[in-house]
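In the numbering used here, the protein residues as written are 1021 to 1427.
Cβ coordinates follow ideal geometry from the N, Cα and C atoms, glycine included.
This structure is a prediction, so every number in the text was calculated from the model and none was measured.
Below: one structure, written as structure tokens.
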């Protein structure tokens, strides 16, 4: 049986080979079908990965042996959703999807016309949602192609809360815009008395239990801190690595960081602060996604073995309980003095190691994404004020009224 370290290295190598080109599809299909493997194909934008996306892909994988995910190109997303989308470019979206446990291959696809890919890949199952059919994304042409190649279409009825990025975008933007407006009026002596913490609670996606019994369910990986030492067979020489972070809006930097951590040991545990702790750390309006939902997403990342939630404002007590062999953290200006920290001294006191790495996406953060979404929302809310033609007409009308009153 392979050690955890060997398996994680193997998974790392495989992830880097997940991206397909269209020229690869026919030979891949032929190879998989010769091995009697059932191919499932699905399509999506996957702009901001949320629990609904993760569950959707888990449901898709449960319909076969190999899951190929078509990630919509930037051009096709703009054509469908407008110039403000996608929020994240196609290369990053494909990379994030490739980190998911349930995904075997990824490929860029024109979401409006995926017909060439369907013909070359010849999937046994085309997995879609009722939303896609209701909104006209999937058409009779898709049906005809699948029928002609002997495949079938499986339509998942998306429950509420679903997996729409738009819902999450509105939630995040509303929080940020309300904060901005509240602060604007306070600075001018007017208090709107808006309690954002009561109006905008963290987005909660529920347990996201799979419809199919064989569907992957990352809820099973969310455990209590004190259970880690009981579950992980340390006596057998298993090396345990722990990382900690809020992971409020999962992005590619988070995924890369977690992957690097996973390569350092056999078992990777991700520790995240609870909603209460994160609010104390980052202020009102955070987190934007609930602790349960954040943990659920993290459990879908390929390197992650377990996720724990802690209630303190630091990871110290979690380190004290779990005593990881390696505590993996980021090398940034805010923790340059980490060797003087309680956490560092604790880990070294029992013979553990503290390892650091640089930020994996230095120009991307959850805060940056939140501000980007807020800018979009502000443009929508104040579009009339920003309409120059409308402004000129109002000025002309005001001049005419003033002129009439002066007669």
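Let me check understanding here. Comparing Cα to Cα, which of the options lies closest to residue i?
i: residue 1170; options: 1058, 1343, 1048 and 1035; result: 1058
i: residue 1222; options: 1311, 1244, 1052 and 1099; result: 1311
i: residue 1363; options: 1322, 1264 and 1205; result: 1264
i: residue 1148; options: 1281, 1370 and 1175; result: 1175
i: residue 1379; options: 1252, 1293 and 1276; result: 1276
i: residue 1165; options: 1143, 1029 and 1178; result: 1143
i: residue 1031; options: 1242, 1197, 1236 and 1124; result: 1124
i: residue 1241; options: 1273, 1260, 1315 and 1076; result: 1315
i: residue 1150; options: 1298, 1063, 1136 and 1044; result: 1063
i: residue 1068; options: 1195, 1040, 1105 and 1284; result: 1105
i: residue 1111; options: 1076, 1233 and 1272; result: 1272
i: residue 1443; options: 1284, 1318 and 1331; result: The first residue shown for the chain is 1021 and the last is 1427, placing residue 1443 beyond what the model contains.
i: residue 1367; options: 1347, 1055 and 1247; result: 1347
i: residue 1246; options: 1351, 1274 and 1344; result: 1344
i: residue 1238; options: 1098, 1049, 1029 and 1073; result: 1073
i: residue 1337; options: 1131, 1244 and 1158; result: 1244
How many angstroms separate the CA atom of residue i from the CA atom of residue j?
i: residue 1082; j: residue 1119; result: 18 angstroms
i: residue 1301; j: residue 1206; result: 23 angstroms
i: residue 1021; j: residue 1168; result: Residue placement at residue 1021 is poorly supported in this model, since its pLDDT is 45, which falls under 50; the coordinates are not used for a value here.
i: residue 1226; j: residue 1313; result: 7 angstroms
i: residue 1341; j: residue 1160; result: 57 angstroms
i: residue 1089; j: residue 1365; result: 45 angstroms
i: residue 1202; j: residue 1211; result: 7 angstroms
i: residue 1027; j: residue 1134; result: 34 angstroms
i: residue 1305; j: residue 1188; result: 14 angstroms
i: residue 1249; j: residue 1070; result: 29 angstroms
i: residue 1122; j: residue 1375; result: 29 angstroms
i: residue 1388; j: residue 1270; result: 12 angstroms
i: residue 1108; j: residue 1309; result: 18 angstroms
i: residue 1085; j: residue 1204; result: 54 angstroms
i: residue 1040; j: residue 1370; result: 45 angstroms
i: residue 1358; j: residue 1377; result: 13 angstroms
i: residue 1137; j: residue 1042; result: 7 angstroms
i: residue 1322; j: residue 1208; result: 50 angstroms
i: residue 1079; j: residue 1258; result: 32 angstroms
i: residue 1283; j: residue 1399; result: 43 angstroms
i: residue 1141; j: residue 1052; result: 10 angstroms
i: residue 1024; j: residue 1351; result: 25 angstroms
i: residue 1317; j: residue 1235; result: 15 angstroms
i: residue 1145; j: residue 1087; result: 9 angstroms
Please indicate yes or no: does the CB of residue i lie closer than 6 angstroms to some heavy atom of the ligand PLP?
i: residue 1204; result: Ligands displayed in this structure: none; no statement on the ligand PLP is therefore possible.
How about residue i: is its C-beta nearer than 7 angstroms to some C-beta of chain D?
i: residue 1087; result: The structure shown contains no chain D, having only a single protein chain.
Return the bridge partner residues of residue i from the DSSP annotation.
i: residue 1066; result: In DSSP, residue 1066 forms no bridge with anything.
i: residue 1349; result: 1376
i: residue 1149; result: 1176
i: residue 1262; result: 1289 and 1347
i: residue 1120; result: 1321
i: residue 1193; result: Partner(s): none; residue 1193 has no beta bridge.
i: residue 1223; result: 1309
Whether or not the segment 1028 to 1047 and the segment 1102 to 1119 are in contact is what I'm after, with contact meaning three or more pairs of Cβ atoms, one per stretch, closer than 8 angstroms; do they touch?
yes
Would the segment 1286 to 1294 and the segment 1313 to 1331 be scored as touching if the rule is three or more Cβ pairs under 8 angstroms?
yes
Curious, which full-length beta strand (DSSP E) runs of at least 3 residues does the segment 1034 to 1105 contain?
1059 to 1064 and 1086 to 1092
At which residue ranges does the segment 1294 to 1361 contain complete alpha helix (DSSP H) runs of 4 or more residues, listed in the order of the chain?
1295 to 1302, 1311 to 1320 and 1336 to 1342
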